[in-house]
Amino acid sequence: MLKVFLSLACWWTLHAVAGDLPAPVAQALGGAGIPVAATAVWVREVDAARPRLAVNARASLNPASTMKLLTTFAALDLLGPAYVWKTEAFANGIQSGEVLNGDLHLKGGGDPKLTYDQFARLLRQIRARGIREIRGDLVLDRSAFAIDASDPARFDAQPLRPYNVAPDALLLNFKSVRLQLIPDPAQRTLTIAMEPTPANLHLINKLVLGNGNGCGEWRERLRADVFSHGPSTRLVLTGVYPQICGEQRWNIAVQEHPQFVLGVFQQLWAELGGSLAGGVREGPVPAEARAVGVLPSATLGEVVRDINKYSNNVMARQLFLTLGMEAGRRPAGAADAEVALRAWLDARGLALPELVLENGAGLSRQERISAEGLGRVLQAAWRSSVMPELMASLPVTATDGTMKKRLKQNGVAGQAHIKTGSLEGVRSLAGYVLDRTGRRWIVVFFVNHANAGGAQAAQDALLQWVYESGGA
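For the sequence shown, the working numbering assigns the number 1143 to the initial residue and increments by one for each residue that follows.
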(Lines of atoms letter the chains of each structure in order from A and count residues from 1; the text may use other names and numbers.)
(Lines give C-alpha, C1' and ligand atoms only; values in the text may rest on other atoms or scores of the structure.)
Protein backbone atom coordinates (compact mmCIF):
# COMPACT_ATOMS: atom_id res chain seq x y z
CA MET A 1 0.00 0.00 0.00
CA LEU A 2 2.85 2.35 0.87
CA LYS A 3 4.38 1.74 -2.58
CA VAL A 4 1.07 2.50 -4.26
CA PHE A 5 0.62 5.63 -2.14
CA LEU A 6 4.11 6.89 -3.02
CA SER A 7 3.46 6.24 -6.72
CA LEU A 8 0.21 8.18 -6.56
CA ALA A 9 1.94 10.97 -4.66
CA CYS A 10 4.65 11.22 -7.32
CA TRP A 11 2.02 11.24 -10.07
CA TRP A 12 0.06 14.00 -8.33
CA THR A 13 3.17 16.09 -7.78
CA LEU A 14 4.19 15.80 -11.42
CA HIS A 15 0.77 16.78 -12.72
CA ALA A 16 0.20 19.50 -10.17
CA VAL A 17 3.44 21.17 -11.23
CA ALA A 18 2.75 20.52 -14.90
CA GLY A 19 -0.64 22.17 -14.59
CA ASP A 20 0.82 25.54 -13.58
CA LEU A 21 1.70 27.83 -16.46
CA PRO A 22 4.86 29.92 -16.01
CA ALA A 23 3.94 33.32 -14.60
CA PRO A 24 4.99 35.35 -17.68
CA VAL A 25 2.84 33.10 -19.89
CA ALA A 26 -0.20 33.28 -17.61
CA GLN A 27 0.12 37.06 -17.33
CA ALA A 28 0.35 37.51 -21.10
CA LEU A 29 -2.71 35.32 -21.63
CA GLY A 30 -4.62 37.30 -19.04
CA GLY A 31 -3.63 40.56 -20.67
CA ALA A 32 -4.94 39.29 -24.00
CA GLY A 33 -8.23 38.13 -22.48
CA ILE A 34 -7.52 34.47 -23.25
CA PRO A 35 -8.58 31.95 -20.59
CA VAL A 36 -6.22 29.07 -19.82
CA ALA A 37 -9.08 26.68 -20.70
CA ALA A 38 -8.79 27.85 -24.34
CA THR A 39 -5.11 26.87 -24.53
CA ALA A 40 -3.03 23.72 -24.59
CA VAL A 41 0.66 23.52 -23.69
CA TRP A 42 3.07 20.60 -23.76
CA VAL A 43 6.80 20.89 -22.97
CA ARG A 44 9.11 17.89 -22.81
CA GLU A 45 12.84 17.32 -23.06
CA VAL A 46 13.48 15.37 -26.25
CA ASP A 47 14.72 12.23 -24.47
CA ALA A 48 12.62 12.45 -21.33
CA ALA A 49 9.97 9.93 -20.39
CA ARG A 50 7.48 12.52 -19.12
CA PRO A 51 6.57 16.12 -19.94
CA ARG A 52 7.82 18.98 -17.82
CA LEU A 53 4.69 21.00 -18.50
CA ALA A 54 1.28 19.75 -19.62
CA VAL A 55 -1.80 21.99 -19.59
CA ASN A 56 -4.95 20.74 -21.33
CA ALA A 57 -2.46 18.70 -23.34
CA ARG A 58 -4.91 16.01 -24.42
CA ALA A 59 -7.63 18.39 -25.59
CA SER A 60 -8.43 18.00 -29.29
CA LEU A 61 -7.85 21.48 -30.76
CA ASN A 62 -7.40 23.16 -34.11
CA PRO A 63 -3.61 23.31 -34.72
CA ALA A 64 -3.73 25.58 -37.80
CA SER A 65 -0.52 25.26 -39.83
CA THR A 66 1.39 23.29 -37.21
CA MET A 67 -0.48 20.33 -38.75
CA LYS A 68 2.09 20.60 -41.54
CA LEU A 69 4.61 19.04 -39.13
CA LEU A 70 2.68 15.78 -39.19
CA THR A 71 2.37 15.79 -42.98
CA THR A 72 5.98 16.70 -43.68
CA PHE A 73 7.43 14.22 -41.17
CA ALA A 74 5.25 11.42 -42.55
CA ALA A 75 6.32 12.25 -46.10
CA LEU A 76 10.02 12.40 -45.26
CA ASP A 77 9.78 9.11 -43.38
CA LEU A 78 7.73 7.29 -46.04
CA LEU A 79 9.21 8.70 -49.24
CA GLY A 80 12.70 9.78 -48.23
CA PRO A 81 14.33 13.22 -48.56
CA ALA A 82 15.54 12.46 -52.11
CA TYR A 83 12.04 11.78 -53.48
CA VAL A 84 11.14 13.78 -56.62
CA TRP A 85 8.02 14.37 -58.70
CA LYS A 86 8.08 14.43 -62.53
CA THR A 87 6.27 16.59 -65.07
CA GLU A 88 6.42 15.01 -68.52
CA ALA A 89 5.75 16.09 -72.11
CA PHE A 90 4.72 13.79 -74.95
CA ALA A 91 4.13 14.36 -78.67
CA ASN A 92 1.33 12.42 -80.33
CA GLY A 93 1.37 12.72 -84.08
CA ILE A 94 3.70 12.87 -87.04
CA GLN A 95 6.52 15.39 -86.86
CA SER A 96 7.50 16.87 -90.19
CA GLY A 97 10.45 19.17 -89.83
CA GLU A 98 9.49 21.62 -87.07
CA VAL A 99 5.78 20.89 -87.41
CA LEU A 100 3.96 18.48 -85.11
CA ASN A 101 0.82 17.31 -86.88
CA GLY A 102 -0.88 16.28 -83.69
CA ASP A 103 -1.22 17.09 -80.01
CA LEU A 104 1.24 17.94 -77.27
CA HIS A 105 0.49 16.20 -73.98
CA LEU A 106 1.58 17.44 -70.56
CA LYS A 107 1.39 14.90 -67.73
CA GLY A 108 1.46 16.20 -64.19
CA GLY A 109 2.99 14.16 -61.40
CA GLY A 110 1.93 16.39 -58.51
CA ASP A 111 5.05 18.60 -58.31
CA PRO A 112 4.37 21.07 -55.45
CA LYS A 113 6.86 23.60 -56.85
CA LEU A 114 6.50 23.68 -60.63
CA THR A 115 7.32 27.36 -60.99
CA TYR A 116 7.12 29.60 -64.02
CA ASP A 117 10.89 29.39 -64.53
CA GLN A 118 10.92 25.60 -64.20
CA PHE A 119 8.04 25.26 -66.67
CA ALA A 120 10.05 27.32 -69.16
CA ARG A 121 12.84 24.75 -68.84
CA LEU A 122 10.47 21.98 -69.83
CA LEU A 123 9.29 23.92 -72.87
CA ARG A 124 12.87 24.54 -73.95
CA GLN A 125 13.38 20.76 -73.90
CA ILE A 126 10.46 20.39 -76.30
CA ARG A 127 11.86 23.05 -78.63
CA ALA A 128 15.22 21.29 -78.54
CA ARG A 129 13.46 18.25 -80.05
CA GLY A 130 12.82 20.38 -83.13
CA ILE A 131 9.16 21.08 -82.47
CA ARG A 132 8.06 24.64 -83.20
CA GLU A 133 4.55 24.52 -84.66
CA ILE A 134 1.89 22.42 -82.92
CA ARG A 135 -1.13 21.92 -85.15
CA GLY A 136 -3.19 20.11 -82.55
CA ASP A 137 -4.22 20.81 -78.96
CA LEU A 138 -2.45 21.09 -75.64
CA VAL A 139 -3.75 18.03 -73.77
CA LEU A 140 -3.41 17.89 -69.99
CA ASP A 141 -3.19 14.68 -67.98
CA ARG A 142 -4.10 15.65 -64.40
CA SER A 143 -5.16 12.16 -63.38
CA ALA A 144 -2.62 11.63 -60.58
CA PHE A 145 -4.81 13.59 -58.16
CA ALA A 146 -8.56 13.68 -57.78
CA ILE A 147 -9.83 17.02 -59.04
CA ASP A 148 -10.81 19.32 -56.17
CA ALA A 149 -14.13 20.86 -57.20
CA SER A 150 -14.58 22.84 -53.97
CA ASP A 151 -15.27 26.57 -54.08
CA PRO A 152 -12.01 28.50 -53.40
CA ALA A 153 -14.11 31.10 -51.55
CA ARG A 154 -15.46 28.48 -49.15
CA PHE A 155 -12.81 28.91 -46.48
CA ASP A 156 -12.82 32.66 -45.95
CA ALA A 157 -14.50 34.27 -48.98
CA GLN A 158 -11.08 35.15 -50.46
CA PRO A 159 -10.95 33.07 -53.67
CA LEU A 160 -8.09 35.07 -55.22
CA ARG A 161 -5.69 34.57 -52.31
CA PRO A 162 -2.93 32.08 -53.28
CA TYR A 163 -3.26 30.22 -49.97
CA ASN A 164 -6.73 29.11 -51.09
CA VAL A 165 -5.49 27.51 -54.33
CA ALA A 166 -6.63 23.90 -54.59
CA PRO A 167 -4.06 21.14 -55.21
CA ASP A 168 -3.67 19.80 -58.73
CA ALA A 169 -1.50 17.16 -60.40
CA LEU A 170 -0.40 19.87 -62.84
CA LEU A 171 -0.09 22.76 -60.42
CA LEU A 172 1.78 25.54 -62.21
CA ASN A 173 3.33 28.52 -60.40
CA PHE A 174 0.84 28.03 -57.53
CA LYS A 175 -1.81 29.07 -60.12
CA SER A 176 -0.88 32.66 -59.35
CA VAL A 177 0.50 35.76 -60.99
CA ARG A 178 2.76 38.24 -59.23
CA LEU A 179 1.97 41.90 -59.68
CA GLN A 180 4.79 44.37 -59.08
CA LEU A 181 3.24 47.74 -58.18
CA ILE A 182 5.58 50.55 -59.27
CA PRO A 183 4.47 54.07 -58.28
CA ASP A 184 5.85 57.18 -59.97
CA PRO A 185 4.87 60.17 -57.78
CA ALA A 186 6.40 62.68 -60.22
CA GLN A 187 4.19 61.45 -63.08
CA ARG A 188 1.28 60.53 -60.78
CA THR A 189 1.19 57.06 -62.35
CA LEU A 190 1.18 53.51 -61.05
CA THR A 191 2.71 50.93 -63.36
CA ILE A 192 2.02 47.23 -62.86
CA ALA A 193 4.41 44.53 -64.07
CA MET A 194 2.87 41.06 -64.14
CA GLU A 195 4.69 37.70 -64.12
CA PRO A 196 3.84 35.37 -65.67
CA THR A 197 1.77 37.05 -68.36
CA PRO A 198 -0.64 34.33 -69.55
CA ALA A 199 -1.69 34.96 -73.15
CA ASN A 200 -5.35 34.49 -72.22
CA LEU A 201 -5.28 36.85 -69.20
CA HIS A 202 -5.77 40.58 -69.75
CA LEU A 203 -4.81 42.99 -66.98
CA ILE A 204 -6.86 46.19 -66.70
CA ASN A 205 -5.23 48.67 -64.31
CA LYS A 206 -7.65 51.21 -62.85
CA LEU A 207 -5.65 51.84 -59.68
CA VAL A 208 -5.22 55.43 -58.55
CA LEU A 209 -2.08 56.72 -56.85
CA GLY A 210 -2.98 58.33 -53.53
CA ASN A 211 -1.31 60.68 -51.03
CA GLY A 212 -2.07 58.74 -47.85
CA ASN A 213 0.11 59.41 -44.82
CA GLY A 214 0.56 55.75 -44.01
CA CYS A 215 0.99 52.50 -45.86
CA GLY A 216 -0.46 50.00 -43.38
CA GLU A 217 -2.73 47.35 -44.85
CA TRP A 218 -2.46 48.68 -48.39
CA ARG A 219 -3.99 45.56 -49.95
CA GLU A 220 -7.22 46.15 -48.08
CA ARG A 221 -7.64 49.37 -50.08
CA LEU A 222 -7.42 47.59 -53.42
CA ARG A 223 -9.84 45.33 -55.22
CA ALA A 224 -9.27 42.64 -57.83
CA ASP A 225 -12.13 41.30 -59.95
CA VAL A 226 -11.92 38.44 -62.43
CA PHE A 227 -14.23 38.19 -65.45
CA SER A 228 -14.19 35.19 -67.77
CA HIS A 229 -15.21 35.59 -71.40
CA GLY A 230 -14.97 32.26 -73.18
CA PRO A 231 -11.30 31.24 -73.40
CA SER A 232 -9.99 34.56 -72.05
CA THR A 233 -10.02 36.23 -68.63
CA ARG A 234 -9.93 39.87 -67.55
CA LEU A 235 -8.29 40.89 -64.26
CA VAL A 236 -9.55 44.34 -63.25
CA LEU A 237 -7.79 46.25 -60.48
CA THR A 238 -9.44 49.21 -58.73
CA GLY A 239 -8.77 51.27 -55.62
CA VAL A 240 -6.34 53.83 -54.24
CA TYR A 241 -2.70 52.88 -53.70
CA PRO A 242 -0.70 55.06 -51.25
CA GLN A 243 2.45 56.31 -52.97
CA ILE A 244 4.27 56.19 -49.62
CA CYS A 245 4.19 52.39 -49.87
CA GLY A 246 6.78 52.43 -52.65
CA GLU A 247 7.09 49.25 -54.69
CA GLN A 248 5.12 46.28 -53.43
CA ARG A 249 4.25 42.79 -54.63
CA TRP A 250 0.73 41.44 -54.88
CA ASN A 251 0.14 37.75 -55.64
CA ILE A 252 -3.25 36.82 -57.08
CA ALA A 253 -4.64 33.39 -57.95
CA VAL A 254 -6.51 33.62 -61.25
CA GLN A 255 -8.29 31.29 -63.67
CA GLU A 256 -8.90 27.56 -63.38
CA HIS A 257 -5.91 25.22 -63.55
CA PRO A 258 -6.33 24.19 -67.25
CA GLN A 259 -6.84 27.77 -68.47
CA PHE A 260 -3.86 29.00 -66.47
CA VAL A 261 -1.59 26.27 -67.84
CA LEU A 262 -2.77 27.05 -71.37
CA GLY A 263 -2.15 30.80 -70.98
CA VAL A 264 1.33 30.41 -69.54
CA PHE A 265 2.19 27.79 -72.15
CA GLN A 266 1.05 30.11 -74.96
CA GLN A 267 3.11 32.97 -73.52
CA LEU A 268 6.32 30.99 -73.10
CA TRP A 269 5.91 28.98 -76.31
CA ALA A 270 5.53 32.21 -78.32
CA GLU A 271 8.65 33.62 -76.65
CA LEU A 272 10.48 30.51 -77.86
CA GLY A 273 9.27 31.14 -81.43
CA GLY A 274 6.59 28.46 -81.31
CA SER A 275 2.90 28.40 -82.15
CA LEU A 276 -0.12 26.40 -80.99
CA ALA A 277 -3.06 26.05 -83.37
CA GLY A 278 -5.53 24.42 -80.98
CA GLY A 279 -6.81 24.98 -77.49
CA VAL A 280 -6.65 23.04 -74.26
CA ARG A 281 -8.42 19.84 -73.28
CA GLU A 282 -7.88 16.99 -70.89
CA GLY A 283 -7.10 13.34 -71.44
CA PRO A 284 -4.65 10.51 -70.82
CA VAL A 285 -1.37 10.23 -72.67
CA PRO A 286 -1.83 7.74 -75.56
CA ALA A 287 0.37 4.65 -75.47
CA GLU A 288 1.87 5.54 -78.86
CA ALA A 289 2.92 9.08 -77.82
CA ARG A 290 6.66 9.68 -77.56
CA ALA A 291 8.43 11.48 -74.73
CA VAL A 292 9.79 14.91 -75.66
CA GLY A 293 10.60 16.32 -72.23
CA VAL A 294 10.77 15.49 -68.55
CA LEU A 295 11.25 17.84 -65.63
CA PRO A 296 12.17 16.42 -62.20
CA SER A 297 11.12 18.53 -59.24
CA ALA A 298 13.22 19.77 -56.38
CA THR A 299 13.84 17.00 -53.84
CA LEU A 300 11.36 16.38 -51.05
CA GLY A 301 13.95 17.66 -48.57
CA GLU A 302 13.96 21.01 -50.37
CA VAL A 303 10.18 21.09 -50.80
CA VAL A 304 9.60 20.41 -47.10
CA ARG A 305 11.79 23.38 -46.28
CA ASP A 306 9.60 25.68 -48.35
CA ILE A 307 6.44 24.23 -46.84
CA ASN A 308 7.47 24.74 -43.23
CA LYS A 309 9.62 27.86 -43.44
CA TYR A 310 6.94 29.83 -45.26
CA SER A 311 3.84 27.81 -44.33
CA ASN A 312 2.86 27.18 -47.95
CA ASN A 313 -0.61 25.65 -47.91
CA VAL A 314 -1.02 24.41 -51.46
CA MET A 315 2.44 22.77 -51.38
CA ALA A 316 1.46 20.98 -48.17
CA ARG A 317 -1.79 19.83 -49.75
CA GLN A 318 0.12 18.54 -52.79
CA LEU A 319 2.40 16.60 -50.46
CA PHE A 320 -0.57 15.21 -48.53
CA LEU A 321 -2.14 13.87 -51.74
CA THR A 322 1.23 12.45 -52.80
CA LEU A 323 1.05 10.14 -49.78
CA GLY A 324 -2.15 8.70 -51.21
CA MET A 325 -0.71 8.53 -54.71
CA GLU A 326 2.40 6.66 -53.57
CA ALA A 327 0.18 4.24 -51.63
CA GLY A 328 -1.16 3.15 -55.01
CA ARG A 329 -4.27 5.32 -55.28
CA ARG A 330 -4.81 7.12 -58.61
CA PRO A 331 -6.45 9.53 -58.74
CA ALA A 332 -5.48 10.22 -55.14
CA GLY A 333 -7.88 12.21 -53.01
CA ALA A 334 -7.79 13.46 -49.44
CA ALA A 335 -9.39 10.25 -48.15
CA ASP A 336 -6.62 8.16 -49.76
CA ALA A 337 -3.95 10.40 -48.24
CA GLU A 338 -5.56 10.08 -44.83
CA VAL A 339 -5.59 6.28 -45.06
CA ALA A 340 -1.88 6.29 -45.94
CA LEU A 341 -0.97 8.69 -43.14
CA ARG A 342 -2.95 6.80 -40.50
CA ALA A 343 -1.35 3.53 -41.60
CA TRP A 344 2.04 5.17 -41.11
CA LEU A 345 1.04 6.36 -37.63
CA ASP A 346 -0.04 2.82 -36.72
CA ALA A 347 3.23 1.39 -38.02
CA ARG A 348 5.14 3.85 -35.85
CA GLY A 349 3.01 3.13 -32.81
CA LEU A 350 1.73 6.70 -32.65
CA ALA A 351 -1.85 6.43 -31.46
CA LEU A 352 -3.66 9.74 -31.98
CA PRO A 353 -7.34 9.04 -31.28
CA GLU A 354 -8.14 12.74 -31.32
CA LEU A 355 -6.71 13.32 -34.82
CA VAL A 356 -9.01 14.80 -37.47
CA LEU A 357 -7.59 15.33 -40.96
CA GLU A 358 -8.96 17.26 -43.92
CA ASN A 359 -6.07 18.42 -46.11
CA GLY A 360 -2.90 17.97 -44.04
CA ALA A 361 -2.03 21.66 -44.29
CA GLY A 362 -3.96 23.07 -41.34
CA LEU A 363 -5.94 25.43 -43.59
CA SER A 364 -9.09 23.95 -42.14
CA ARG A 365 -11.85 24.50 -39.63
CA GLN A 366 -12.15 20.73 -39.10
CA GLU A 367 -8.59 19.50 -38.47
CA ARG A 368 -7.77 18.59 -34.88
CA ILE A 369 -4.90 17.19 -32.85
CA SER A 370 -3.82 17.51 -29.22
CA ALA A 371 -0.73 19.31 -28.00
CA GLU A 372 0.48 16.04 -26.50
CA GLY A 373 -0.22 14.19 -29.75
CA LEU A 374 1.75 16.65 -31.86
CA GLY A 375 4.48 16.65 -29.21
CA ARG A 376 4.81 12.87 -29.45
CA VAL A 377 5.04 13.18 -33.24
CA LEU A 378 7.92 15.63 -32.77
CA GLN A 379 9.56 13.27 -30.30
CA ALA A 380 9.35 10.43 -32.85
CA ALA A 381 10.78 12.77 -35.47
CA TRP A 382 13.68 13.65 -33.18
CA ARG A 383 14.59 9.95 -32.95
CA SER A 384 14.18 9.29 -36.67
CA SER A 385 16.72 9.21 -39.48
CA VAL A 386 15.04 12.21 -41.17
CA MET A 387 15.34 14.46 -38.11
CA PRO A 388 17.99 16.71 -39.74
CA GLU A 389 15.77 17.39 -42.76
CA LEU A 390 12.69 18.12 -40.67
CA MET A 391 14.61 20.28 -38.20
CA ALA A 392 16.22 22.30 -40.99
CA SER A 393 12.81 22.97 -42.50
CA LEU A 394 11.51 24.82 -39.44
CA PRO A 395 11.72 28.61 -39.06
CA VAL A 396 14.48 29.75 -36.71
CA THR A 397 13.54 32.35 -34.11
CA ALA A 398 14.51 35.90 -35.11
CA THR A 399 16.22 34.53 -38.22
CA ASP A 400 14.00 33.34 -41.07
CA GLY A 401 10.62 32.16 -42.30
CA THR A 402 7.54 32.97 -40.25
CA MET A 403 9.72 33.52 -37.14
CA LYS A 404 12.02 36.09 -38.75
CA LYS A 405 10.58 39.10 -36.94
CA ARG A 406 9.91 37.47 -33.58
CA LEU A 407 12.03 37.39 -30.41
CA LYS A 408 14.87 39.45 -31.89
CA GLN A 409 15.92 40.95 -28.56
CA ASN A 410 15.56 37.76 -26.52
CA GLY A 411 18.02 35.06 -25.53
CA VAL A 412 16.04 32.48 -27.45
CA ALA A 413 16.77 34.31 -30.72
CA GLY A 414 18.41 31.80 -33.04
CA GLN A 415 18.01 29.00 -30.49
CA ALA A 416 14.65 27.53 -31.50
CA HIS A 417 13.21 25.83 -34.59
CA ILE A 418 9.51 26.66 -34.50
CA LYS A 419 6.58 26.09 -36.86
CA THR A 420 3.78 28.62 -36.43
CA GLY A 421 0.10 28.51 -37.27
CA SER A 422 -2.52 31.19 -37.69
CA LEU A 423 -6.23 31.17 -38.49
CA GLU A 424 -9.06 33.37 -37.33
CA GLY A 425 -9.50 32.31 -33.70
CA VAL A 426 -6.39 30.11 -33.72
CA ARG A 427 -2.72 30.72 -32.94
CA SER A 428 -0.27 27.87 -32.57
CA LEU A 429 3.40 27.00 -32.46
CA ALA A 430 5.35 23.78 -32.20
CA GLY A 431 8.97 22.76 -32.50
CA TYR A 432 12.27 22.50 -30.67
CA VAL A 433 14.05 24.85 -28.27
CA LEU A 434 17.73 24.59 -27.32
CA ASP A 435 17.99 25.97 -23.78
CA ARG A 436 20.90 27.98 -22.39
CA THR A 437 22.46 24.84 -20.84
CA GLY A 438 22.46 22.89 -24.13
CA ARG A 439 19.40 20.72 -23.53
CA ARG A 440 16.78 20.48 -26.25
CA TRP A 441 13.04 20.65 -25.59
CA ILE A 442 9.88 19.95 -27.56
CA VAL A 443 7.36 22.78 -27.19
CA VAL A 444 3.73 22.85 -28.36
CA PHE A 445 1.33 25.72 -27.63
CA PHE A 446 -2.21 25.97 -29.05
CA VAL A 447 -4.73 28.77 -28.54
CA ASN A 448 -8.31 28.36 -29.79
CA HIS A 449 -10.23 31.48 -28.80
CA ALA A 450 -11.82 34.57 -30.28
CA ASN A 451 -8.92 36.61 -28.86
CA ALA A 452 -6.25 34.27 -30.24
CA GLY A 453 -4.82 37.11 -32.32
CA GLY A 454 -3.36 38.50 -29.09
CA ALA A 455 -1.60 35.28 -28.11
CA GLN A 456 1.84 35.99 -29.56
CA ALA A 457 3.21 37.57 -26.38
CA ALA A 458 2.23 34.52 -24.34
CA GLN A 459 3.71 32.11 -26.85
CA ASP A 460 6.94 34.07 -27.08
CA ALA A 461 7.08 34.14 -23.27
CA LEU A 462 6.85 30.34 -23.20
CA LEU A 463 9.74 29.97 -25.65
CA GLN A 464 11.83 32.39 -23.62
CA TRP A 465 10.94 30.60 -20.37
CA VAL A 466 12.01 27.23 -21.78
CA TYR A 467 15.26 28.75 -23.04
CA GLU A 468 16.08 30.52 -19.77
CA SER A 469 15.05 27.90 -17.26
CA GLY A 470 15.16 24.68 -19.22
CA GLY A 471 11.80 24.05 -17.64
CA ALA A 472 13.38 24.11 -14.18
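C-beta: ideal position from N, C-alpha, C; glycine also.
Here the structure is a predicted model, which means the values were calculated and not measured.
Taking the alpha carbon of residue i as the point to measure from, which residue in the options has its own alpha carbon closest?
i     : options                       : result
R1581 : Q1557, E1230, P1537 and F1297 : Q1557
A1395 : V1403, G1388 and E1389        : V1403
T1229 : L1437, S1535 and Q1169        : L1437
R1320 : Q1267, D1478 and Y1258        : Y1258
N1306 : L1497, M1457 and A1600        : M1457
S1417 : R1269, R1361 and R1507        : R1269
L1618 : R1548, F1588, P1177 and L1520 : Residue coverage of the chain in this structure runs from 1143 to 1614, which leaves residue 1618 outside it and unanswerable.
L1264 : L1314, G1222, E1275 and I1289 : L1314
L1377 : C1387, G1388 and N1393        : N1393
S1207 : A1469, L1505 and L1549        : L1505
P1689 : P1473, A1592 and Q1397        : Nothing about residue 1689 can be read from this structure; the chain reaches only from 1143 to 1614.
G1372 : G1175, S1439, A1291 and N1342 : N1342
R1303 : G1356, E1362, G1358 and A1592 : E1362
Q1409 : G1470, V1427, H1344 and R1200 : H1344
V1575 : A1180, V1178, E1444 and V1188 : V1188
G1244 : P1428, N1347, A1216 and T1331 : P1428
G1381 : L1349, A1477, R1391 and S1374 : L1349
T1331 : A1299, P1384, S1292 and Q1606 : P1384
V1568 : F1588, L1497 and H1559        : F1588
A1412 : A1168, M1209 and P1340        : P1340
What residues are listed by DSSP as bridge partners for residue i?
i     : result
W1392 : L1321
Q1237 : L1242
D1326 : T1331
M1529 : Answer by DSSP bridge pairing: none, since M1529 is not bridged.
Y1383 : L1351
A1231 : L1248 and G1435
V1188 : DSSP lists no partner for V1188.
H1344 : R1376
R1423 : V1281
A1182 : F1588
V1538 : H1559
M1336 : L1321
E1275 : V1241 and S1417
F1287 : A1474
L1203 : I1511
Beta-carbon separation of residue i and residue j under 8 Å?
i     : j     : result
W1583 : R1186 : yes
A1603 : V1183 : no
L1483 : L1499 : yes
A1366 : L1351 : no
A1231 : L1256 : no
K1451 : S1370 : no
G1573 : E1610 : no
E1424 : L1282 : yes
T1562 : S1453 : yes
L1414 : R1266 : yes
D1279 : G1420 : yes
T1441 : A1224 : yes
T1214 : L1532 : yes
Q1601 : L1571 : yes
V1528 : D1219 : yes
E1389 : Q1322 : yes
L1463 : G1252 : yes
A1308 : D1290 : yes
I1324 : G1596 : no
V1250 : L1242 : The sequence shown places Gly at residue 1250, rather than the Val named in the question. Cβ atoms of G1250 and L1242: not closer than 8 Å.
N1204 : T1181 : no
A1474 : A1288 : yes
Could you pull the start and end residues of the alpha helix (DSSP H) that residue i belongs to?
i     : result
S1611 : Q1598 to S1611
G1563 : Premise fails: G1563 lies in the beta strand (DSSP E), A1558 to L1565, not in any alpha helix (DSSP H).
Y1258 : Y1258 to A1270
G1196 : Sequence check: residue 1196 is Ala here, not Gly. No alpha helix (DSSP H) holds A1196; the beta strand (DSSP E) holding it covers L1195 to V1197.
F1407 : H1399 to E1413
V1167 : A1165 to G1173
A1217 : K1210 to L1221
Start and end of the beta strand (DSSP E) containing residue i?
i     : result
I1584 : R1582 to N1590
F1369 : L1364 to H1371
L1576 : V1568 to L1576
D1283 : L1280 to D1283
Under the criterion of a Cβ to heavy atom distance below 7 Å, does residue i qualify as lining the ligand FAD?
i     : result
S1202 : The ligand FAD is not part of this structure, which contains no ligands at all.
Check: Unbroken beta strand (DSSP E) runs of length 3 or more, entirely within the segment 1425-1480: which are they?
Finding: Counting whole runs of 3 or more residues, the segment 1425-1480 contains the beta strand (DSSP E) stretches 1432-1438.
Next item on the list: Would you list, in sequence order, the uninterrupted alpha helix (DSSP H) runs of no fewer than 4 residues that lie entirely inside the segment 1474-1516?
Entry: Whole alpha helix (DSSP H) segments, 4+ residues: 1476-1489.
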